[in-house]
Structures are given as C-alpha cells and as structure tokens.
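Take a look at the structure below.
In our numbering, the protein residues as written are 28 to 168.
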C-alpha cells in the first residue's frame with residue numbers, strides 16, 4: 028500500500044475518532060473528549076506525515092516532526108496555525124494517559140479545547156491530503 032493510501036485510510040479513521048470526541052463532549056464526558064481529541068489530532072497529523080512520504084514517529088506528539096519536515100522540504104504553511112497545533116499536540120499528549128485512567132479530572136474548557144484542536148488538525152490534514160473516503164472503511168492492500 029502506498030503512503031498516500033495509508034494517509035487517506037488514517038484520515039478516515041481520524042474522522043471517526045473525532046466524532047467520538049465530539050460525542051463524549053456532548054455527553055459531558057470531559058476526560059473522554061480530551062483522550063479521543065488527542066487521538067484524532069495525532070492521527071490527523073500522522074496522516075499528513077504519511078502523505079508526505081515520511082515515516083511516523085512512534086510517539087504521541089508528532090507535531091514537532093511534522094513542522095520540521097515541512098520546513099526541511101520548503102512547504103509553505105501558516106506558522107501561527109502550526110504553532111497552535113504544536114502547543115495542543117504537546118499538551119494533549121501529556122494528558123492522554125492521565126485522562127484515560129482518571130488520574131486527572133478534565134474540565135469542560137479543557138475538553139472543548141481538545142475537540143477544537145482535533146477539528147483544526149483534521150481540517151489541516153484534509154487541506155493537505157483531500158477529504159477521506161466516505162462510507163464504511165474498506166482496507167486496501
């Protein structure tokens with residue numbers, strides 16, 4: 028499977044996880060919204076890395092790797108937007124496990140911020156890659 032197909036598949040998956048983050052927020056499950064928001068953000072940024080033909084680092088905060096790759100390749104991007112995604116990625120990566128295991132209690136504001144950051148990362152990925160396939164997931168070989 029090509030990197031671009033893997034990128035589109037991961038973006039498809041990210042869309043579903045983003046929907047779960049929104050649902051958790053709507054249900055008042057703040058920790059769930061933070062956790063799933065982090066996952067959607069991570070998958071969206073990893074999809075862009077794959078689209079660019081790069082290997083994905085096996086870490087949860089991939090924004091620094093993405094920004095470095097974009098700079099290295101001379102790809103134009105909105106510095107302010109990427110700086111915001113870098114901040115959100117680092118913050119959410121730190122909250123990922125503690126939110127899941129209720130070692131921290133996330134607030135409504137933190138949950139809202141996580142969902143917004145995930146939405147922005149997903150939109151950024153769609154702008155770079157194109158929208159993910161519609162309908163049920165069909166893995167490609």
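Glycine included, C-beta positions come from ideal geometry on N, C-alpha and C.
As summarised for the stretch 58 to 121, the continuous alpha helix (DSSP H) elements at least 4 residues long and confined to that stretch are 90 to 100, given in chain order. By the Cβ rule, the stretch 108 to 124 counts as touching the stretch 139 to 147, because three or more pairs are nearer than 8 Å. When DSSP states are grouped into helix, strand and coil, residue 152 belongs to the helix group. Exposure of residue 99 is indicated by the presence of fewer than 16 other C-beta atoms within 10 angstroms of its C-beta. Residue burial is scored here from C-beta neighbours: residue 161 has fewer than 16 other C-beta atoms within 10 angstroms and is therefore classed as exposed.
The residue from 53, 148, 154 and 39 with its alpha-carbon nearest to that of residue 111 is 148. Taking a contact to require three or more Cβ pairs closer than 8 Å, the stretch 32 to 40 and the stretch 77 to 92 qualify as touching. By the Cβ neighbour-count rule, residue 102 is exposed, with fewer than 16 other Cβ atoms within 10 Å of its own. Distances from the CA of residue 139 to each of 47, 57, 41 and 45 were compared; the closest alpha carbon is that of 57. Of 92, 59, 106 and 123, the smallest CA-CA separation from residue 135 is found for 59. By the beta-carbon neighbour count (other beta carbons within 10 angstroms, threshold 16), residue 44 is buried. Cβ-Cβ distances below 6 Å link residue 67 to 41, 44, 45, 48 and 145 in the same chain, with the five nearest sequence neighbours on each side left out; the list follows chain order.
Scanning 82, 97, 105 and 72 for the CA closest to the CA of residue 89 turns up 72.
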